[in-house]
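In UniProt numbering, the protein residues as written are 1 to 222.
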Ligand SMILES: Nc1nc2c(c(=O)[nH]1)N[C@H]1C(S)=C(S)[C@@H](COP(=O)(O)O)O[C@H]1N2
Ligand SMILES: [Mo]
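Now the structure itself:
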C-alpha cells in the first residue's frame with residue numbers, strides 16, 4: 001500500500017465515522033414534517049446546483065462489458081442481465097429530485113434507464129416477497145420495501161442529463177429511488193434480491209433510518 005492509499009483510507013474512515021456520529025447526535029433534525037404538494041424542499045434540506053459525490057471511498061470502474069445484474073431470490077423468473085440484455089429492455093426517461101441525508105437536494109435530474117416496474121413485470125415476485133436487498137460492486141448494500149421499490153418513479157439508470165453515468169456517480173448502472181433519501185439509491189448496482197424478511201443494509205446498520213422518507217425527516221433510527 002502506498003502512503004496515499006493509507007491517507008485515503010484514513011480520510012475515508014473519518015468520513016464514515018462522522019456520518020455515524022451524526023446519526024448518534026441526531027444532527028440536522030428539525031423535527032418538522034414536510035408537504036411535497038406545497039413545498040419543493042423537505043425539512044432541513046438546502047438546494048445545490050452541483051452534484052456532490054458520496055460513497056464509501058471505493059469507486060469501482062466497471063466497463064459496461066464487465067457489468068452484469070443478477071435478479072434473484074423470491075421471484076418466478078430470475079434474470080441475469082448483461083449490458084446487451086439491459087439495453088434491450090424498454091428505456092424510459094424520468095425527471096426527479098435528489099434528497100441526500102447530509103442535507104443537500106438537487107432538483108430536476110433527467111435520468112434514463114429501465115423502470116423498476118418493468119423489471120417487476122418480468123421477474124414476477126412470489127407472493128411471499130416483501131422486501132428487496134440491493135447489492136453493489138463496492139460492497140455496499142441497502143434495503144427497500146418491495147412496494148417502495150415498485151413505485152412508478154424508480155429507475156435503474158444508466159444516463160443522467162443525456163450522458164452515460166460517470167463511474168463516480170455509480171455507472172454503468174445505479175438505482176434511483178426519488179421518494180427516499182439518496183442512500184437508498186445504490187450505485188454500481190450488481191444484484192437485486194427479493195426476500196420475505198427485511199434486513200438492514202450498510203447505513204441502516206449504522207444508525208440510519210430503515211425507510212428514509214425525507215418528508216417525514218426519517219434521517220436516523222431513533
Ligand atoms: N454502491 C454504493 N451506493 C451508494 C453509496 C455507496 O457508498 N456505495 N452511497 C449512498 C449515499 S450515502 C448517497 S448520498 C448517494 C450518493 O450518490 P452520488 O455520489 O451520485 O451523489 O449514493 C448512495 N449509494
Ligand atoms: Mo448520503
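C-beta: ideal position from N, C-alpha, C; glycine also.
How many angstroms separate the CA atom of residue i from the CA atom of residue j?
i: residue 72; j: residue 152; result: 21 Å
i: residue 212; j: residue 101; result: 9 Å
i: residue 113; j: residue 92; result: 5 Å
i: residue 56; j: residue 13; result: 8 Å
i: residue 190; j: residue 140; result: 10 Å
i: residue 33; j: residue 67; result: 40 Å
i: residue 177; j: residue 156; result: 9 Å
i: residue 94; j: residue 29; result: 30 Å
i: residue 103; j: residue 180; result: 13 Å
i: residue 21; j: residue 8; result: 20 Å
i: residue 205; j: residue 65; result: 32 Å
i: residue 109; j: residue 159; result: 10 Å
i: residue 87; j: residue 24; result: 42 Å
i: residue 202; j: residue 210; result: 11 Å
i: residue 1; j: residue 17; result: Low confidence applies here, because residue 1 scores a pLDDT of 49, under 50, leaving its location unreliable and the question unanswered by this model.
i: residue 130; j: residue 148; result: 10 Å
i: residue 219; j: residue 19; result: 11 Å
i: residue 192; j: residue 214; result: 23 Å
i: residue 144; j: residue 6; result: 34 Å
i: residue 165; j: residue 89; result: 18 Å
i: residue 154; j: residue 11; result: 32 Å
i: residue 70; j: residue 135; result: 10 Å
i: residue 61; j: residue 199; result: 28 Å
i: residue 121; j: residue 81; result: 15 Å
Going by alpha carbons, who is nearest to residue i out of the options?
i: residue 188; options: 203, 178, 137; result: 137
i: residue 208; options: 14, 75, 142; result: 142
i: residue 172; options: 29, 84, 47, 94; result: 84
i: residue 146; options: 81, 105, 77, 127; result: 127
i: residue 222; options: 62, 27, 6; result: 27
i: residue 106; options: 184, 196, 50, 61; result: 50
i: residue 185; options: 97, 76, 63; result: 97
i: residue 163; options: 111, 82, 174; result: 111
Quick test of your reading: residue i and residue j, contact by CB under 8 Å. State the CB separation rounded to the nearest angstrom.
i: residue 79; j: residue 132; result: Residue 79 to residue 132, Cβ: 14 Å. No contact.
i: residue 217; j: residue 43; result: 5 Å
i: residue 47; j: residue 54; result: In fact, because the Cβ distance is near 16 Å, the residues do not count as touching under 8 Å.
i: residue 116; j: residue 150; result: 6 Å
i: residue 99; j: residue 39; result: About 12 Å separates the two Cβ atoms, so there is no contact after all.
i: residue 59; j: residue 161; result: Not quite, the Cβ-Cβ distance comes to about 20 Å (not below 8 Å), so this is no contact.
i: residue 194; j: residue 125; result: 5 Å
i: residue 196; j: residue 74; result: 6 Å
*What runs of the alpha helix (DSSP H), each 4 residues or longer, lie entirely inside the UniProt domain "Oxidoreductase molybdopterin-binding" (60 to 203)?*
83 to 88, 116 to 123, 146 to 149
*Of all residues in the structure, which have a C-beta closer than 7 Å to any heavy atom of ligand 2, taken in chain order?*
54, 100, 101, 102, 181, 182, 183
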